[in-house]
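The sequence shown runs contiguously to residue 1275 in my numbering. Note that beta-carbon positions come from the ideal geometry of N, C-alpha and C, so glycine has one too. Since we're looking at a predicted model, the values are computed, not measured. The structure appears right after this line, and notes come after that.
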Amino acid sequence: MKGFVLSLTRARNEDMVVTVLGERTLGRYYRFYGARHSILQVGHLIDFELEGESGPYLPRMRHLRHYGFDWIHDRNRRMIWQAFLQRFEPHLRDSETLESFYFELLLDAARRWSRQNPRRIVVESYHTLLRHEGRLHVDWDCYVCERPVETTVSLMAAFHPAHPACIYGPALDREQIETFFATGKTLYLDDATVEHLYEVVLKGL
């Protein structure tokens, strides 16, 4: 089976418990001497076989193979990728069977990672996730004081709009954010705005 490594937890000795987002599953698997295997890194897309699936213990991973991307040795891009993927495990933790949406979202992002600004890809991918889950807010009432947000806006977790003064956040141009919400593209956002939205994503999905 194939999937993205979302988290690694050391077990006894050098064994590892590996959380993998597959095409339709979020699974936890056991890998003997996993700490010795460079393939097992957060963010890697791997293929593997399982044994002991019907037993009382975690299924065991065997015959691991890594699908590399051309940007994998770019340290900055790799660190941003790993930080993004680490947000998926707590978000999907209670799900065992998933739609293929989440796997396809990450696969699409990984394929674009070397050609575009990674922070912009993260922001756009998060917009896609919020829209898919029905959590993208299109009203313009402040999440804190519930009064209308007019010319400037700041964004909280899940891109909830708020007055900059209510959350002590940066003042973003509402018209630009509206365009982003409508299109899902960061093309018309400057780097400072993208950086702020990226920091919002890192607070959790």
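Output yes or no for whether 8 Å exceeds the beta carbon distance between residue i and residue j.
i: L1128; j: M1071; result: no
i: R1106; j: L1275; result: no
i: L1110; j: M1086; result: yes
i: T1256; j: V1193; result: yes
i: L1091; j: G1073; result: yes
i: G1254; j: H1161; result: no
i: I1247; j: R1189; result: no
i: Y1103; j: M1131; result: no
i: A1180; j: S1195; result: no
i: L1272; j: A1081; result: no
i: D1164; j: Y1137; result: no
i: V1219; j: H1233; result: yes
i: T1089; j: E1159; result: yes
i: L1175; j: L1199; result: yes
i: I1191; j: V1214; result: no
What distance in whole Å lies between the Cβ atoms of residue j and residue i, which are believed to be in contact at a cut-off of 8 Å?
i: R1244; j: T1222; result: 6 Å
i: H1266; j: P1231; result: Rounded, the Cβ-Cβ distance is 13 Å, inconsistent with contact.
i: V1270; j: A1227; result: 6 Å
i: L1076; j: L1155; result: 6 Å
i: L1206; j: F1251; result: 7 Å
i: W1141; j: R1147; result: 5 Å
i: W1183; j: F1139; result: 6 Å
Just grab the DSSP bridge partners of residue i for me.
i: D1117; result: K1072 and R1135
i: M1092; result: The sequence shown places Gly at residue 1092, rather than the Met named in the question. Answer is G1073.
i: A1232; result: S1224
i: L1078; result: V1088
i: D1243; result: T1222
i: Y1100; result: V1087 and R1130
i: D1277; result: What is shown of the chain runs 1071 to 1275, which leaves residue 1277 out entirely.
Subject >> Three or more C-beta pairs below 8 Å linking the region 1204-1221 and the region 1164-1175 >> reply: Touching, no.
Subject >> Length-filtered (3 minimum) beta strand (DSSP E) runs lying within the region 1132-1206 >> reply: None, since the region 1132-1206 contains no complete beta strand (DSSP E) of that length.
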